[in-house]
Amino acid sequence: MNIAVVGAQWGDEGKGKIVDLLARRFSIVARYQGGHNAGHTVHVGGRRFVLRLIPSGILHQGVTCVIGNGVVVDLAALFDEVDGLAGAGIGVDGRLLISDRAHVILPYHPDLDRLREASLGPRMIGTTSRGIGPAYEDKAGRRGLRVCDLADAAALEEHIRDGLARRNELARDGRLAWTDVFDRTRQLGERLKPWIADVSAVLCAAMADGRSILFEGAQGTMLDLDHGTYPYVTSSNATVGGACTGLGIGPRSIHVVLGIAKAYTTRVGEGPFPSELHGGDGDALRAKGGEFGTVTGRPRRCGWFDAVQMRHAVRVNGFDALAVTKLDVLDGFERVPVCVGYRLDGEAVSAFPADLGRLRRCTPVLESCPGWNRPTSGVQRYDDLPANAQAYLQRLEDLAGVPVVFASTGAAREDIVVKNAPLAAAWFGSELA
Ligand code: GDP
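Following this note's numbering, the numbering of the sequence shown begins with 7 at its first residue and continues without gaps.
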C-alpha cells in the first residue's frame, strides 16, 4: 500500500509530524517537489529536528529516503542538513538517494529571487528568497542544471558562466566570480556522487519487490502553481499530481491520498485569505499555535477553518481522508467558528474562485461551533476527547466530504487520536488503529 501525504491548505499543516508518525510503516519516503523552503518540524524523544530537503522518514533507521526529480536541490543546504543529522547520531549513507534528473539551485539563484522580489514592490509574492523560483524558471526555460550534469566539467563551466552573466547584469551589489561558484559546485557535486540514482527506476523496482512507499508533499494545495492562489504560490505542483511527474511513477502507484489540514487555517506571505482574522482571535491562534515560519521566522497569518478552500483541496487531490492537526490550539476558545461558504456581492459562492479580484471581495460565511471545556492537548484516545471537540471534528469531516482518520493533539509523536479505526487499520496496520 503506497500513500501520498499532501498539505490541504497553505502549507505548514504539520505534514512533518504525520509523515514521521507513519514513516516506519513504509520502506521508502519520497519527496516530489519544492526545495529547502519546506521546513518540516519533527519532535522525537524531546529533540526538535527541522528538515528542509530530506524527507522526515530519515529519523527512522530502516527507511530509505528519496529526493525526486521534481525537487530543486541546493547542495550546500542539503549537506548542512546531512551534517546536522550526523551530529545527532543519524547517518544517511545508503539511506538517501537523489534523482539524477533533479535540478540544482546555484549560488546566484537566491540573488535573482531577491532582486525579483525587490522589483515587484507592492506586488511582491513573499517568497523565501532561497532561489527556488529562479531554479524552477531555469528548468521551465530549458537552461537548468541537473544533478546528472554536475560530472561534466566543461558543460558545468559554461552553464555557470552563463548564469552568472545574467545575475551580474542585474545585481548592483558586487559581482560573483565564476571560478568560486564553479569550484564550490564541483566539490559538492563530488560529495553527492554516491547518492545519485535514477529514482524512477529505483521506486518501480521497489514496488515490484512489494516494498511500500510514502510520497511526501511539501508546502500545500493552495500554494500549488496551478491550483493555488496564483501568482501567490510556489513554483511547483504541491498537489498529488506532482508525485507522478516529480518522481517518475504512474498514477496507479498511489493507492491512498491523505490530506493534512490544520483545525484552523494559516498562510505565510502575500495573497488573499478569505477566513483571515485580524487582531484578537488571529493573534491568539498565532501565539498558541506558535505560528511563525520554521525557516524564515515570519509570523503566519491566521484564520478559521475554511470549508470552501478545503473542498477545493479535496477535489484537486482526490483526498481519501484528512488528518486534522493542531486541534489542541483551539483549546480554550469559547466558540470556534468555521467558514462554511463565501458571499460575493450578495451572492453565495460555493467554488473557490480562480480570479483573485473576486476572491479578495469574498466575505466568509461563518458557522459557530461551541468550544470545549477540557483541553485536548496530549489526548491519545478519541473517546477521551471532549464531546464538543469530537463534534467539531465531525463537522469538519461533513463539510470536507471525506473522513477524518486522525486528529493530532500536540507536537509529540504520541499526541494523536484515531477517529476512523477501520481506515487507519486498513492503510497503516492495526498497531496505529
Ligand atoms: P509542515 O511543514 O507541514 O510539516 O509544518 P511545520 O513543521 O511548519 O509546522 C507544524 C508545527 O506544528 C511544528 O512545529 C510541529 O511540531 C507542530 N505541530 C504539529 N502537529 C501539532 C499539533 O497537533 N499540535 C501542536 N500544538 N503542534 C503541532
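C-beta atoms are modelled at their ideal positions from N, C-alpha and C, and glycine is treated no differently.
Ala395 and Thr382: beta carbons closer than 7 Å?
yes
Residue range of the unbroken alpha helix (DSSP H) whose run includes Arg349
No alpha helix (DSSP H) holds Arg349; the beta strand (DSSP E) holding it covers Arg341 to Leu350.
Can we say the segment 293-304 touches the segment 238-255, given the rule of at least three CB pairs closer than 8 Å?
no
CA-CA distance, Val274 and Gly309?
12 Å
Bounding residues of the beta strand (DSSP E) (the contiguous stretch that carries Leu328)
Ala327 to Thr331
Where do the N-terminal and C-terminal ends of the alpha helix (DSSP H) with Ala290 fall, by residue?
Gly286 to Gly295
Opposing strand residues paired with Asp312 [DSSP bridges]
Cys345
For the alpha helix (DSSP H) containing Leu81, list its first residue and its last residue.
Leu81 to Gly93
Limits of the unbroken alpha helix (DSSP H) element including Ile422:
From DSSP, Ile422 is part of no alpha helix (DSSP H) but of the beta strand (DSSP E) over Ile422 to Val424.
Does the beta-carbon of Gly20, which I'm using as the reference point, lie nearer than 6 Å to any heavy atom of the ligand GDP?
yes
Please indicate yes or no: does the CB of Gly254 lie closer than 6 Å to some heavy atom of the ligand GDP?
In this structure, Gly254 has its beta carbon at no less than 6 Å from each heavy atom of the ligand GDP.
Closest to Gly17 by CA distance: which of Gly147, Asn8 and Gly40 is it?
Gly40
What's the gap between the Cα of Gly68 and the Cα of Pro61?
Taking the straight line from one Cα to the other gives about 13 Å.
What's the gap between the Cα of Arg30 and the Cα of Gly416?
20 Å
Could you check whether Ala14 and Ala267 sit closer than 7 Å to each other, using their CB atoms as the reference points?
yes
By DSSP, does Val56 sit in helix, in strand, or in coil?
strand
What do you reckon, are the CB atoms on Ser105 and Gly150 nearer than 7 Å?
no
Can you name the start and end residues of the beta strand (DSSP E) that Phe412 belongs to?
For Phe412, the enclosing beta strand (DSSP E) begins and ends at Val410 to Ser414.
Below 8 Å, can you find three or more Cβ-Cβ pairs linking the segment 153-164 to the segment 248-268?
No, the segment 153-164 does not touch the segment 248-268.
In chain order, what residues of the same chain have a beta carbon less than 8 Å from the beta carbon of Phe24, not counting five sequence neighbours either side?
With the sequence shown as reference, residue 24 is identified as Ile, and Phe is not the correct amino acid for it. Excluding positions up to five away in sequence, the list reads Val11, Leu264, Ile266, Ala329, Thr331, Phe412 and Ser414.
Span separating the alpha-carbon of Gly296 from that of Cys71:
28 Å
Can Gly247 be considered in contact with the ligand GDP, in the sense that its beta carbon sits closer than 6 Å to one or more heavy atoms?
no
Heavy atom of the ligand GDP within 6 Å of Lys425 beta-carbon:
no
Taking DSSP's pairing of strands, which residues face Phe188 in a bridge?
According to DSSP, Phe188 bridges with nothing at all.
Using only alpha-carbon positions, find the residue among Val48, Gly384, Gly407 and Val410 that is nearest to Ile422.
Gly384
Rounded straight-line distance, which links the Cα of Lys425 to that of Asp389
9 Å
Find the nearest neighbour of Pro6 within the set Ala357, Val208 and Ala249, judged by alpha-carbon distance.
Since the first and last residues shown for the chain are 7 and 439, residue 6 lies out of range.
Residue environment, Pro200, which counts as buried when at least 16 other CB atoms sit within 10 Å:
exposed
In three-state DSSP terms, what is Phe32?
coil
Cβ shell of Gly234 (< 7 Å), same chain only, five flanking positions each side left out:
Thr227 and Met228
Thinking just about the alpha-carbon of each residue, which of Ala439, Trp433 and Arg419 is nearest to the one in Gly52?
Arg419
Would you identify the three-state DSSP class for Cys368, choosing helix, strand or coil?
coil
Can you list, in chain order, the residues of its chain with a C-beta nearer than 7 Å to that of Gly277? Leave out the 5 residues immediately preceding and following it.
Thr235 and Tyr238
Give the C-beta separation of Ala146 and Ile111 to the nearest angstrom, bearing in mind that I take them to be a contact with Cβ-Cβ under 8 Å.
Not confirmed; about 14 Å, so no contact.
Going along the chain, which unbroken runs of the alpha helix (DSSP H) with 4 or more residues stay wholly within the segment 146-217?
159-176, 184-198 and 205-214
Would the beta-carbon of Thr251 be found less than 6 Å away from any heavy atom of the ligand GDP?
no
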